[in-house]
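If you read the sequence shown in our numbering, its first letter stands for residue 666, the second for the next number, and so on. Here the structure comes first, spelled out in structure tokens, and everything after it is commentary.
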Amino acid sequence: MSKDQIKNLIERRLPEAGLVDTALKGVQLFRVTEAMPCVPAVYEPTVVAILSGTKEAVLDGEHHVYGSDKYLLCPMTLPVEAGTPLASKDDPLLGVVIALEPRKMLELTMEVETAAGGNRQSRDGVPSALALAAWDTGFTQALLRLLELLDNPVDLEVLGQGRLRELYYAVLRGEAGAAARRAFGVGNEIARTIDYLSNHLNEQVTIDDMADHVGMSRAVFHRRFKEATTMSPIQFVKSMRLNHAAMKIAEGKTVSEAAWDVGYQSSSQFSREFKRMYGQSPRQWSNAAQVPQLLN
666 MSKDQIKNLI ERRLPEAGLV DTALKGVQLF RVTEAMPCVP AVYEPTVVAI
716 LSGTKEAVLD GEHHVYGSDK YLLCPMTLPV EAGTPLASKD DPLLGVVIAL
766 EPRKMLELTM EVETAAGGNR QSRDGVPSAL ALAAWDTGFT QALLRLLELL
816 DNPVDLEVLG QGRLRELYYA VLRGEAGAAA RRAFGVGNEI ARTIDYLSNH
866 LNEQVTIDDM ADHVGMSRAV FHRRFKEATT MSPIQFVKSM RLNHAAMKIA
916 EGKTVSEAAW DVGYQSSSQF SREFKRMYGQ SPRQWSNAAQ VPQLLN
């Protein structure tokens, strides 16, 4: 019943297609009514919950397709391809995006681990960089309680941050909790490296620079980075730069401007690597690309 209430709440606030910010910072509602193939995007740390329809995210060739039975956790900034291949007016994609504030997630993760007696469950196995989790009771009720605040500005102002914390806690305790704790807990060196990379995309950053940034040897850093993201550090940096460039071109920047913004000093190298990754030249992409805000 709670999921139906969430769906009705979103439909009431978003009767037409679009992506809207809510009065609660970091919480957005969306409705998509036309199919979109997977295109380059960069996901920030977020939770995406679908109430109807299907969404797809591709990371390093692995497809993550999810609908109302699973929510998606992206615990770190990642270069992906994203799309809504089945959306239509008769069967719209309807959902909510909740940004995860890293500092708050770190504090809450540490509290959870302390309360559990230091039993760091996040070390069990190697969770995926993108994780799908079932809508358990805790998550469903936390999301409903959060969105219900949108109807009352006073409740929102007084209770909003507490309800967000409740949702964060539900994620940490849910099926994707291991991936969340790994990214946000003590020892989250890879997530910190990715944050560093995201702020230095236009600079020439080497593997040694990245390893030194978190105090690891090159070999250990390379292994742990690939475990966390499925990609090698160099592959990850290239994907981040090219995805950002593709999005900039789709937004109207010239090919040379986009290449320069993400750290390419050679336009010919940029064009070669772009075509190798996306199957078309940057100019062909600029003529055809339209990247919806939802996919960014």
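Just so you know, even glycine gets a beta-carbon here, dropped at the ideal spot from N, CA and C.
Cβ neighbours of residue i in the same chain (closer than 7 Å, five flanking residues each side left out)
i: H909; result: V707, L866, V927
i: P792; result: Confidence at P792 is low in this model, with a pLDDT of 45, below 50, so its placement is unreliable and the value that follows should be read with caution. Excluding positions up to five away in sequence, the list reads A843, A844, R847.
i: I671; result: L716, L808, L809, L812
i: D789; result: Only weak support is given to the placement of D789: the predicted model assigns it a pLDDT of 44, under 50, and the value that follows is read from those uncertain coordinates. So the list reads A843, once near-sequence residues are dropped.
Spatially closest choice to residue i from the options, by CA coordinates
i: G726; options: A841, G691, T894; result: T894
i: A924; options: E916, L907, A856; result: L907
i: L821; options: K672, T687, P680; result: T687
i: P767; options: Y943, Y833, V879; result: Y833
i: E840; options: L694, Q934, K668, L738; result: L738
i: I914; options: H887, F901, W950; result: W950
i: Q903; options: S863, A794, L797; result: According to the sequence shown, residue 903 is Lys rather than Gln. Per the Cα distances, S863.
i: L717; options: P710, S733, V697; result: Correcting the residue identity first, residue 717 is Ser in this sequence and not Leu. Ranking the options by Cα distance to S717, first place goes to S733.
i: L751; options: A876, C703, S897; result: C703
i: M905; options: V823, V870, A781; result: V870
i: V762; options: V823, P705, L829, L724; result: L829
i: A700; options: P740, Y736, L759, L743; result: L759
i: L724; options: Y731, V745, S882, Y861; result: V745
i: T705; options: P680, G748, A876; result: Checking the sequence, you will find Pro at residue 705 rather than Thr. Nearest option by C-alpha distance: G748.
i: L837; options: E868, E772, D669, R677; result: E772
i: Q826; options: L689, K668, S667, E681; result: L689
Residue i, buried or exposed, once every other Cβ within 10 Å from all chains shown has been counted against 16
i: H656; result: Because the chain here runs from 666 to 961, residue 656 falls outside it and cannot be looked at.
i: L674; result: buried
i: T802; result: exposed
i: N952; result: exposed
i: P947; result: buried
i: K754; result: exposed
i: R941; result: exposed
i: R937; result: exposed
i: A799; result: exposed
i: E721; result: buried
Cβ shell of residue i (< 8 Å), same chain only, five flanking positions each side left out
i: I899; result: I872
i: G683; result: F695, R696
i: V920; result: I914, S932, F935, S936, P947, R948, S951
i: L824; result: L814
Other residues of its chain near residue i: CB distance less than 6 Å, five sequence neighbours each side excluded
i: G691; result: A764
i: R810; result: R828
i: F890; result: I855, P898
i: E709; result: T742
Beta-bridge pairing of residue i - partner residues as DSSP gives them
i: A714; result: Y736, V761
i: R838; result: Its beta-bridge partners do not exist; DSSP assigns none.
i: Y731; result: K720
i: D686; result: Q693
i: V920; result: Bridge partners of V920: none, in fact.
i: G748; result: E721
Residue i: CB within 7 Å of a non-hydrogen atom of the ligand MN
i: L724; result: No copy of the ligand MN appears in this structure; indeed no ligand is present at all.
Cβ contact check for the stretch 879 to 891 and the stretch 710 to 724: 3 or more pairs under 8 Å: Touching, no, given that fewer than three Cβ pairs across the two stretches are closer than 8 Å.
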